[in-house]
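Visitor:
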Amino acid sequence: MFFYFNRKQNSVFRSEKDKNKNMQKEILIQRSKGAVPRAAVKTDFPCCLIERDETLEIEFIKDENSSTNQTTADPSLLSKSKPETLVTFLVKKDGGQKVQCLLKSNALRSRVQYVCVYAFKGENVKTALKRDGRFNNVIFQKHCALSEFGSEMHELSNPVDDLDGKAFQVVVLSDQNQPDSQDDLTFKQDGNTTSMDPSTKQYTLKKREKLKNKSEVQKFFREEYGKSVENFLEVKKVKQLMKLSDSVCQIRKGGTREGTGFLLFNRFILTNAHVIGIFTDLTKVNAEQFTAVFGYEDLDSKDSKCIPVKQLTDYFYGKDDKGRHLDYALLELDVDKMAECPNLFDSYSPNAPIKKGQICIVGHPGEGVKKMDPCFIIERENRLEAAHKHASEHQHLIHVINEKCVEEKWDFSAYENQFTYDSCFFHGSSGSPVFDVDCNLIGIHTGGYKYKTKGDKTWSVMEYGFSMQPILDNIIAVARIKGLLDIIRNVSQTAEQQNLIDTEMKDAEEPEES
Numbered sequence: 001m002f003f004y005f006n007r008k009q010n011s012v013f014r015s016e017k018d019k020n021k022n023m024q025k026e027i028l029i030q031r032s033k034g035a036v037p038r039a040a041v042k043t044d045f046p047c048c049l050i051e052r053d054e055t056l057e058i059e060f061i062k063d064e065n066s067s068t069n070q071t072t073a074d075p076s077l078l079s080k081s082k083p084e085t086l087v088t089f090l091v092k093k094d095g096g097q098k099v100q101c102l103l104k105s106n107a108l109r110s111r112v113q114y115v116c117v118y119a120f121k122g123e124n125v126k127t128a129l130k131r132d133g134r135f136n137n138v139i140f141q142k143h144c145a146l147s148e149f150g151s152e153m154h155e156l157s158n159p160v161d162d163l164d165g166k167a168f169q170v171v172v173l174s175d176q177n178q179p180d181s182q183d184d185l186t187f188k189q190d191g192n193t194t195s196m197d198p199s200t201k202q203y204t205l206k207k208r209e210k211l212k213n214k215s216e217v218q219k220f221f222r223e224e225y226g227k228s229v230e231n232f233l234e235v236k237k238v239k240q241l242m243k244l245s246d247s248v249c250q251i252r253k254g255g256t257r258e259g260t261g262f263l264l265f266n267r268f269i270l271t272n273a274h275v276i277g278i279f280t281d282l283t284k285v286n287a288e289q290f291t292a293v294f295g296y297e298d299l300d301s302k303d304s305k306c307i308p309v310k311q312l313t314d315y316f317y318g319k320d321d322k323g324r325h326l327d328y329a330l331l332e333l334d335v336d337k338m339a340e341c342p343n344l345f346d347s348y349s350p351n352a353p354i355k356k357g358q359i360c361i362v363g364h365p366g367e368g369v370k371k372m373d374p375c376f377i378i379e380r381e382n383r384l385e386a387a388h389k390h391a392s393e394h395q396h397l398i399h400v401i402n403e404k405c406v407e408e409k410w411d412f413s414a415y416e417n418q419f420t421y422d423s424c425f426f427h428g429s430s431g432s433p434v435f436d437v438d439c440n441l442i443g444i445h446t447g448g449y450k451y452k453t454k455g456d457k458t459w460s461v462m463e464y465g466f467s468m469q470p471i472l473d474n475i476i477a478v479a480r481i482k483g484l485l486d487i488i489r490n491v492s493q494t495a496e497q498q499n500l501i502d503t504e505m506k507d508a509e510e511p512e513e514s
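For the sequence shown, the UniProt record's numbering begins at 1 and goes up steadily by one.
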């Protein structure tokens, strides 16, 4: 059974749809206009794309061999959409050789020649086809493209912007299975939240020093962060973080502020390799050009202490032999000892979990004064969802996000030693220490999945850091090769390791027999 429907007959359609005999059937909707009339659209097809005098042919069809469940776009996205933000294109039901059976529904295949797909400008073809839900997975598993019937080819990674109003056939470019990528991170949402302006999330250590009692601390945190810093409200932890933050410094090269670092032990500071310009193992850096500035907590601060870097002791940028990404540089300061600053290595706990929970980052974001940002770890299984959420909240920037995603091949779960979070720390904060809710040093803040808009404003889908243990393991390994036993002793973790180091040092001190 089928009937014709225009936009004024909504109640008639609803009445027919709700009849028992139609409850378990698929709804076939065909347009009367477009490049190819009678192309089938989905039930979530945006009404703003239907012309006022257009008639839709609606039929309830039964398909024993396919599920009636279809994916739909988030209603909140469609309700905000305007015709100028959308495109439509047609896909022929039969593909080329090796991919002829495109549609999941047998009933749909027997009744239409083309299906009409809508998409949001800026997203790629693959995202639109996956959301549509009517296509078999074979087109995503093989290397496929949309062909304008012998003329131009459009790969599934291409933006949809140039497809508007055109008809295509799916063809196979290669039988090689395609990896499951994250290039379709856009236009998925879980809940309706609003991004917080980064400026509202940051605060200086100087301001916190004026808090005198617990009630003032609680009030301040609630106003600035609400529930996100609940576990950092205890005055004991606030004082502990304040003390630990004394060991955080700004890394400068001449008059340029490059990033953040922190005192790991004695006179050695740790930062990211990329902060001092190292991006490959072949990079040559003059470490003596750099200075570590401690106590930079106020623009007019006279208490800042500038200490020159003596030498680059160790660094690593890239994958180690276990496939973990490392990005660190160990710098020796030109000073005997930093007695007034705590060694943050003493706060490191190898057993502290870094998969979930609250964290606090201390650093110099935006090349400015020292700041602190309490935030939550985004668990590995929730990272893609968090990316979808960010994209849905920044629809006007989707095209920029997708371009950056493809250009840099974003992979939110590439490294097992990486942990992610939503922070306001951007440029200048690389190399900042990351503490857990118990003020244990757990990692080093390294970067974010960033993109820029006109005017060079920087946004980030999420930020990430790397855990300490792989870094320490590599530092010890290099120190053993170079015979830097003092460093090995300072970075040792267990009594067993310490005994081994003591033996090595004793052996090193004994003269060789002639």
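Cβ atoms here follow ideal geometry from the backbone N, Cα and C, with glycine treated the same way.
(1) For residue 462, which of helix, strand or coil comes out of DSSP?
(2) Indicate whether residue 466 and residue 422 have their beta-carbon atoms separated by less than 9 Å.
(3) Reducing DSSP to helix, strand and coil, say where residue 319 ends up.
(4) So residue 26 is in the alpha helix (DSSP H); what residue range does that whole segment cover?
(5) May I ask which residues mark the beginning and end of the alpha helix (DSSP H) holding residue 405?
(6) Taking Cβ to Cβ, would you say residue 429 is nearer than 9 Å to residue 365?
(7) Output the residue ranges of the alpha helix (DSSP H) runs that lie fully inside the region 92-180 and measure 4 residues or longer, sorted by chain position.
(8) Please state if the CB of residue 338 and the CB of residue 247 are separated by a distance shorter than 9 Å.
(9) For residue 119, I'd like the list of residues in its chain whose CB is within less than 6 Å of its CB, leaving aside the five on either flank, ordered along the chain.
(10) For residue 199, which residues from the same chain have a beta carbon less than 6 Å from its beta carbon, with the 5 sequence-adjacent residues on both sides left out?
(11) Just the C-alpha distance for residue 409 and residue 285, rounded to the nearest angstrom, thanks.
(12) Is residue 242 helix, strand or coil when you go by DSSP?
(13) Looking only at its chain, what residues have a beta carbon closer than 6 Å to the beta carbon of residue 307, apart from the 5 residues adjacent to it on each side?
(14) If the criterion is Cβ atoms closer than 9 Å, does the pair residue 328 and residue 266 meet it?
(15) List the DSSP bridge partners of residue 325.
(16) Shortest alpha-carbon distance to residue 469 belongs to which of 341, 320, 392?
(17) In the DSSP assignment, find the unbroken alpha helix (DSSP H) run with residue 389 in it and report its ends.
(18) Which value, in whole angstroms, describes the spacing of the CA atoms of residue 138 and residue 172?
(19) Rounding to the nearest angstrom, what Cα-Cα distance links residue 391 and residue 397 in this structure?
(20) Applying the 10 Å Cβ sphere with the 16-neighbour rule, what's the burial state of residue 48?
(21) Quick one: what does DSSP say residue 364 is sitting in, helix, strand or coil?
(22) Whose C-beta lies closer than 7 Å to the C-beta of residue 488 among residues of the same chain, with five residues either side of it excluded?
(23) Is residue 38 helix, strand or coil when you go by DSSP?
(24) Please determine if the region 435-455 and the region 347-364 are in contact, where contact requires at least 3 C-beta pairs separated by less than 8 Å.
(25) Is it right to say residue 235 is buried, meaning 16 or more other beta carbons lie within 10 angstroms of its own, or is it exposed?
(26) Which residues in the same chain as residue 369 place their Cβ atom closer than 7 Å to its Cβ, once the five residues preceding and following it in sequence are excluded?
(27) Just the C-alpha distance for residue 452 and residue 324, rounded to the nearest angstrom, thanks.
Guide: Here's the rundown:
(1) In the three-state reduction of the DSSP assignment, residue 462 falls in the strand class.
(2) No.
(3) Three-state result, residue 319: strand.
(4) For residue 26, no alpha helix (DSSP H) segment is defined; the enclosing uninterrupted segment is the beta strand (DSSP E) at 26-31.
(5) From DSSP, the alpha helix (DSSP H) with residue 405 extends over 398-408.
(6) Contact flag set, yes.
(7) The qualifying runs are 106-111, 125-132, 138-141.
(8) In this structure, residue 338 lies closer than 9 Å to residue 247 by Cβ.
(9) Around residue 119, the same chain offers 87, 128, 160 as residues with beta carbons nearer than 6 Å, after the five sequence neighbours per side are excluded.
(10) In this predicted model, residue 199 has a pLDDT of only 32, less than 50, meaning its place in the structure is not dependable; the value taken from the coordinates is given anyway. Excluding sequence neighbours, residue 199 sits near nothing in its chain.
(11) Whole-angstrom Cα-Cα distance: 28 Å.
(12) Looking at residue 242 - three-state DSSP - the assignment turns out to be helix.
(13) Closer than 6 Å at Cβ, skipping near neighbours: 292, 333, 335.
(14) Judged by their CB atoms, residue 328 and residue 266 are not nearer to each other than the 9 Å cut-off.
(15) Per DSSP, 319.
(16) With distances taken between Cα atoms, residue 469 lies closest to 320.
(17) In the DSSP annotation of this structure, the continuous segment of the alpha helix (DSSP H) that includes residue 389 starts and ends at 383-393.
(18) Here the alpha carbons of residue 172 and residue 138 stand approximately 10 Å from one another.
(19) Taking the straight line from one Cα to the other gives about 8 Å.
(20) Per the 10 Å Cβ criterion, exposed.
(21) Here residue 364 sits in coil by DSSP.
(22) Within the same chain, residue 488 has close Cβ partners 476, 479, 480, 501.
(23) Here DSSP, grouped into helix, strand and coil, assigns residue 38 to coil.
(24) The region 435-455, when compared against the region 347-364, does touch it at the 8 Å Cβ threshold.
(25) Exposed is the label assigned to residue 235, since fewer than 16 other Cβ atoms lie within 10 Å of its Cβ.
(26) Within its own chain, the residues whose Cβ lies closer than 7 Å to the Cβ of residue 369, once the five positions on either side in sequence are excluded, are 204, 296, 297, 298, 299, listed in chain order.
(27) C-alpha separation (whole angstroms): 28 Å.
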